[in-house]
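Going down the list, the sequences are from chains S and Z.
Using the numbering used here, read the first sequence as starting at 12 and increasing by one per residue.
Using the numbering used here, read the second sequence as starting at 12 and increasing by one per residue.
There are 2 protein chains.
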Amino acid sequence: MNLHTDKRYEEGLQSLKELILKMGEVVEEMIALAMKSLVDRNSNLVQEVIQRDPEVNDLEIAIDDRCLELLALHQPAASDLRFITIGLKISKDLERIGDLSVNIVENALEINKEPALKPYIDLPKMASKSQTMVKDSLDAFVKRDILQAERVCKVDDEVDDLNDRIFGELVAIMKKDPESISRSTRLISIAKHLERIADHATNIAEEIIFMVKGKDIRHGKISFEE
Amino acid sequence: MNLHTDKRYEEGLQSLKELILKMGEVVEEMIALAMKSLVDRNSNLVQEVIQRDPEVNDLEIAIDDRCLELLALHQPAASDLRFITIGLKISKDLERIGDLSVNIVENALEINKEPALKPYIDLPKMASKSQTMVKDSLDAFVKRDILQAERVCKVDDEVDDLNDRIFGELVAIMKKDPESISRSTRLISIAKHLERIADHATNIAEEIIFMVKGKDIRHGKISFEE
Numbered sequence: 012m013n014l015h016t017d018k019r020y021e022e023g024l025q026s027l028k029e030l031i032l033k034m035g036e037v038v039e040e041m042i043a044l045a046m047k048s049l050v051d052r053n054s055n056l057v058q059e060v061i062q063r064d065p066e067v068n069d070l071e072i073a074i075d076d077r078c079l080e081l082l083a084l085h086q087p088a089a090s091d092l093r094f095i096t097i098g099l100k101i102s103k104d105l106e107r108i109g110d111l112s113v114n115i116v117e118n119a120l121e122i123n124k125e126p127a128l129k130p131y132i133d134l135p136k137m138a139s140k141s142q143t144m145v146k147d148s149l150d151a152f153v154k155r156d157i158l159q160a161e162r163v164c165k166v167d168d169e170v171d172d173l174n175d176r177i178f179g180e181l182v183a184i185m186k187k188d189p190e191s192i193s194r195s196t197r198l199i200s201i202a203k204h205l206e207r208i209a210d211h212a213t214n215i216a217e218e219i220i221f222m223v224k225g226k227d228i229r230h231g232k233i234s235f236e237e
Numbered sequence: 012m013n014l015h016t017d018k019r020y021e022e023g024l025q026s027l028k029e030l031i032l033k034m035g036e037v038v039e040e041m042i043a044l045a046m047k048s049l050v051d052r053n054s055n056l057v058q059e060v061i062q063r064d065p066e067v068n069d070l071e072i073a074i075d076d077r078c079l080e081l082l083a084l085h086q087p088a089a090s091d092l093r094f095i096t097i098g099l100k101i102s103k104d105l106e107r108i109g110d111l112s113v114n115i116v117e118n119a120l121e122i123n124k125e126p127a128l129k130p131y132i133d134l135p136k137m138a139s140k141s142q143t144m145v146k147d148s149l150d151a152f153v154k155r156d157i158l159q160a161e162r163v164c165k166v167d168d169e170v171d172d173l174n175d176r177i178f179g180e181l182v183a184i185m186k187k188d189p190e191s192i193s194r195s196t197r198l199i200s201i202a203k204h205l206e207r208i209a210d211h212a213t214n215i216a217e218e219i220i221f222m223v224k225g226k227d228i229r230h231g232k233i234s235f236e237e
């Protein structure tokens with residue numbers, strides 16, 4: 012197996028990690044701003060979230076280009092190959108998380124036009140968990156930390172439970188107060204978007220587990236470390 | 012640039028395409044069965060959809076393995092490199108479409124427990140459009156047909172419009188008949204799932220457009236054809 016001591020190759024890998032962490036930071040910020048626009052009823056933040064989306068798309072393209080370049084110029088060995096191809100999958104998960112944050116503010120914008128509903132139940136908690144899962148899954152990726160990846164997968168169950176509970180509570184609210192139907196339905200959508208953000212973080216974590224376990228079996232050790 | 016006349020390499024690429032088309036067929040069938048379980052109020056079909064999901068997951072892994080093998084053993088040139096890495100992205104889109112079909116039957120199962128609501132408005136139309144988009148996007152991929160990929164992107168706007176219309180109609184139904192709130196909310200979720208299936212088909216189509224246009228610019232011609 013090649014050892015890839017080539018400096019440009021190592022720099023390329025480093026830059027790939029940095030791009031992925033950067034993209035992670037941007038989408039985490041989008042989730043936080045989107046929830047702030049809802050909780051603070053601040054529709055000015057809506058445009059701020061939407062304006063970040065092209066940056067996310069550009070980062071996806073930059074990551075994919077970097078991956079293709081690493082694959083084309085350096086013919087990486089099996090372990091790095093998997094790392095780089097997971098980079099391609101992660102860029103896609105993060106791009107979707109950006110889109111979902113935009114979907115959240117689109118709903119928040121409509122909700123904010125009507126009178127305030129009661130406090131948003133467990134939505135902020137759900138958002139905070141999902142956001143942390145994104146951060147932790149990317150940390151697990153760059154550190155190849157399988158335990159952290161497994162923790163992310165466990166939190167996903169909590170997020171799913173919160174989503175089910177929020178769904179039930181909002182259906183009950185609608186039944187009591189049909190005036191709240193549009194807003195409640197949109198809050199259900201927001202919960203669903205958060206649940207999907209958590210799913211994407213779980214996807215990332217699962218890829219990491221597969222990457223590390225797959226490699227452990229085939230090669231006995233990890234050849235690429237920070 | 013290598014010409015890759017190697018027979019094993021060509022066979023590997025051919026097998027990659029076949030796996031992707033196979034995975035496409037399975038998820039298209041899942042969408043169709045999921046909608047049938049809703050429209051025919053046939054909860055026996057629910058298990059049939061859920062049982063296909065492990066097959067989808069296996070196909071995703073098989074496709075990824077085939078991509079990694081092609082990348083590792085054959086060091087493909089730029090144009091094939093992009094084709095193969097798009098294969099990795101498509102496997103993920105298709106896997107999500109399988110999951111979304113499972114989400115649809117989970118909702119259908121709950122809806123079928125209650126009395127029938129009025130006919131399901133434009134949901135079957137939306138499902139049929141989304142399903143065709145999946146098929147057409149994969150055809151565009153194996154044929155590298157940019158015009159077909161562009162047509163898929165256009166149909167996505169129609170699906171988005173249907174989703175907006177269905178949302179409005181179901182909110183109106185809930186306001187008139189609070190008894191329908193649980194079922195209507197679940198129908199809104201199903202519409203959302205279908206809209207996301209169409210989004211995944213659009214993702215695939217956009218990747219193809221980028222693949223072909225990107226390559227046209229860089230290489231002036233396509234080196235890999237069926």
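For each residue, glycine too, the CB sits at the ideal point set by N, CA and C.
Remember, predicted model here, so these are calculated numbers, not experimental data.
82, 83, 86, 87, 88, 89, 92, 93: these are the residues of the segment 81-93 of chain S whose beta carbon lies less than 9 Å from some beta carbon of chain Z, given in chain order. The count of Cβ pairs closer than 8 Å, one atom from the segment 177-185 of chain S and one from the segment 127-136 of chain S, reaches three, so the stretches are in contact. Runs of beta strand (DSSP E) with 3 or more residues, each lying fully within the segment 47-96 of chain Z, are absent.
The beta carbon of residue 48 (chain S) sits closer than 6 Å to the beta carbons of 56, 57, 116, 119 from its chain, once the five residues preceding and following it are set aside; these are given in chain order. When DSSP states are grouped into helix, strand and coil, residue 155 (chain Z) belongs to the coil group.
When C-beta distances to chain S are compared with 7 Å, the residues of the segment 173-187 of chain Z below that value are 182, 185, 186, in chain order. Nearest neighbour of residue 146 (chain Z) by Cα position, chosen from Z:17, Z:209, Z:222, turns out to be Z:209. In this structure, S:113 is the residue among S:25, S:113, S:18 with its C-alpha nearest to the C-alpha of residue 65 (chain S).
In the three-state DSSP reduction, residue 29 (chain Z) falls in the helix class (H, G or I). Taking 8 Å as the upper bound for CB-CB distance, residue 157 (chain Z) and residue 98 (chain Z) are not in contact here, some 17 Å apart. Only residues of its own chain outside the window of five on either side were considered, and among them 44 have a CB closer than 7 Å to the CB of residue 59 (chain S), listed in chain order. With contacts defined as CB atoms closer than 7 Å, residue 186 (chain Z) and residue 189 (chain S) qualify as a contacting pair. Under the three-pair Cβ rule at 8 Å, the segment 162-172 of chain S does not count as touching the segment 155-169 of chain Z. Counting other Cβ atoms within 10 Å of its Cβ, residue 103 (chain Z) reaches 16 or more and is therefore classed as buried. Using a Cβ distance threshold of 7 Å, residue 181 (chain Z) and residue 199 (chain Z) count as a contacting pair. Listed along chain Z is no residue with a C-beta nearer than 8 Å to that of residue 213 (chain S); the closest approach is about 11 Å. Within chain S, the residues 196, 199, 200 have their CB atoms less than 9 Å from the CB of residue 199 (chain Z), given in chain order.
For the set S:68, S:40, S:93, S:54, the Cα lying nearest the Cα of residue 224 (chain S) is the one of S:93. Here the alpha carbon of residue 26 (chain Z) sits roughly 33 Å from the alpha carbon of residue 21 (chain S). One thing to note: residue 153 (chain S) has its Cβ no nearer than 7 Å to the Cβ of residue 33 (chain S). If you check the CB distance, residue 100 (chain S) and residue 218 (chain S) come in under 7 Å.
Think of a sphere of 7 Å around the beta carbon of residue 99 (chain S): the chain Z residues whose beta carbon falls inside it are 96, 99, 100, in chain order. Excluding the 5 residues flanking it on each side, residue 111 (chain S) has same chain C-beta neighbours closer than 6 Å at 204, 207, 208, in chain order. Close to chain Z, meaning a Cβ-Cβ distance shorter than 7 Å, is no residue of the segment 155-168 of chain S at all. Taking a beta-carbon distance threshold of 7 Å, residue 126 (chain S) does not count as an interface residue toward chain Z.
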